[in-house]
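Chemist: Numbering (my numbering), first residue to last: 1282 to 1550.
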Ligand SMILES: NC(=O)c1ccc[n+]([C@@H]2O[C@H](COP(=O)([O-])OP(=O)(O)OC[C@H]3O[C@@H](n4cnc5c(N)ncnc54)[C@H](O)[C@@H]3O)[C@@H](O)[C@H]2O)c1
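#1: Is the segment 1468-1487 in contact with the segment 1425-1434, if contact means three or more CB pairs nearer than 8 Å?
#2: Roughly how many angstroms separate the alpha carbons of residue 1504 and residue 1453, rounded to a whole number?
#3: Run the proximity test for residue 1457: is its beta-carbon closer than 7 Å to any non-hydrogen atom belonging to ligand 1?
#4: By Cβ distance below 7 Å, which residues in the same chain neighbour residue 1546 in space, the five residues on each side in sequence not counted?
#5: Since residue 1374 and residue 1424 are thought to touch, with beta carbons under 8 Å apart, how far apart are those beta carbons, to the nearest angstrom?
#6: Could you tell me if residue 1323 is buried or exposed, where buried requires 16 or more neighbouring beta carbons within 10 angstroms of its beta carbon?
#7: Taking the alpha carbon of residue 1350 as the reference point, which residue from 1344, 1305 and 1389 has its own alpha carbon closest?
#8: Looking only at its own chain, which residues have a Cβ that is under 7 Å from the Cβ of residue 1403, when we skip the five neighbours before and after it?
#9: Using a Cβ-Cβ cutoff of less than 8 Å, which residues in the same chain neighbour residue 1544 once the five nearest sequence positions on both sides are dropped?
#10: Any idea what DSSP makes of residue 1336, helix, strand or coil?
#11: Is any heavy atom in ligand 1 found nearer than 7 Å to the beta carbon of residue 1445?
#12: So, helix, strand or coil for residue 1532, using DSSP?
#13: For residue 1487, is the classification buried or exposed, using 16 other Cβ atoms within 10 angstroms of its Cβ as the cut-off for buried?
#14: Given the structure, does residue 1393 come close to ligand 1, in the sense that its CB is under 7 Å from one of the ligand's heavy atoms?
#15: Quick check: what's the CA-CA separation for residue 1531 versus residue 1314?
#16: Should residue 1329 be counted as a contact of ligand 1 given a C-beta to heavy atom distance under 7 Å?
#17: Provide the residue(s) that pair with residue 1476 in DSSP beta bridges, ordered along the chain.
#18: Using only the alpha-carbon positions, how far apart do residue 1528 and residue 1540 sit?
#19: Report all residues from its chain with a CB closer than 8 Å to the CB of residue 1365; omit the five preceding and five following residues, and keep chain order.
#20: Suppose you measure from the CA of residue 1369 to the CA of residue 1299; what does that come to, to the nearest Å?
#21: Can you round the beta-carbon distance between residue 1309 and residue 1502 to whole angstroms, since I take them to be within the 8 Å contact cut?
#22: Please classify residue 1295 as buried or exposed, where buried requires at least 16 other C-beta atoms within 10 Å of its C-beta.
#23: Tell me where the alpha helix (DSSP H) around residue 1319 begins and ends.
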């Protein structure tokens, strides 16, 4: 018997479980999909980019995992319903749902600069996308013996970000949704948690910097934020978030529900 047999963590696996990860064609979602596939789950990559979803699934299959990619805009309930049915028909159901698809709202301060269309677009994707998926996956999650919902929120859902009002509000609402559903699904032993990444250089940040993420900063907004706001003074990585999600998906985390977990180098302390 090796020393690793002493550790439950080293033996935690997701073999035979079906995981859906939204927004997994790139960035944080793609790292989460890799982590869950690495733990043995069958993974559906659901992303608004069909090509991105298929490429990501292909790379997981090439690495020996079982994965499919599907075009799905999370803000459209009909597309979400079809994608959930696809997962259930392809495999045995849905055990793990990771709502990661998200967009940054156009920077705008004061909040009145954020147009009604921008509010609607941000909330439709960041909040309603998760609402649609939680509804579409409800029955399979209830049928699962180890149902998990993991919502990717943000530190801006915990600490308000006035330079990006719609985004900040959408992420706070996602935290609230996680707590509401955690209570709703508790007796069915389905856990629901919110994971809040801090500062991670992904394509989302490139887009934000192009749009001028804050009127009161100059130069590299990302580096300034990390230096000023992260006590550990280091940006986090997509793998840091994926490791946390991977743990929450396993049986080891069966009593962790309704929690808001920061992966942020201390930014919310
Ligand atoms: N990068 C950060 O610093 C950071 C920090 C905190 C939270 N987050 C959150 O993490 C999640 C992932 O962010 P990221 O930085 O990897 O972003 P990203 O822009 O790199 O990737 C986002 C992915 O979501 C997909 N997507 C966007 N809208 C969609 C829709 N309507 N339907 C389906 N898919 C859609 C995109 O195609 C893309 O593949 C987001 O919810 C984001 O708010 C990111």
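Virtual Cβ for every residue (Gly too), placed ideally from N, Cα, C.
Modeler: Taking the structure as given:
#1: Flag = yes, the segment 1468-1487 and the segment 1425-1434 touch.
#2: 24 Å
#3: no
#4: 1479, 1511, 1512, 1513, 1515 and 1517
#5: 6 Å
#6: buried
#7: The residue with the shortest Cα to Cα distance from residue 1350 is 1305.
#8: 1384, 1386, 1447, 1448 and 1451
#9: 1476, 1477, 1478, 1479, 1517, 1521, 1522 and 1525
#10: helix
#11: no
#12: helix
#13: exposed
#14: Using a cutoff of 7 Å, the CB of residue 1393 does not count as near ligand 1, since none of the ligand's heavy atoms is closer than that.
#15: Rounded to whole angstroms, the separation of the alpha carbons of residue 1314 and residue 1531 is 14 Å.
#16: yes
#17: 1433 and 1542
#18: 14 Å
#19: 1301, 1375, 1414, 1417, 1418 and 1421
#20: 9 Å
#21: At roughly 18 Å, the Cβ-Cβ gap does not stay under 8 Å, so residue 1309 and residue 1502 are not in contact.
#22: Under this definition residue 1295 is a buried residue.
#23: 1308-1319
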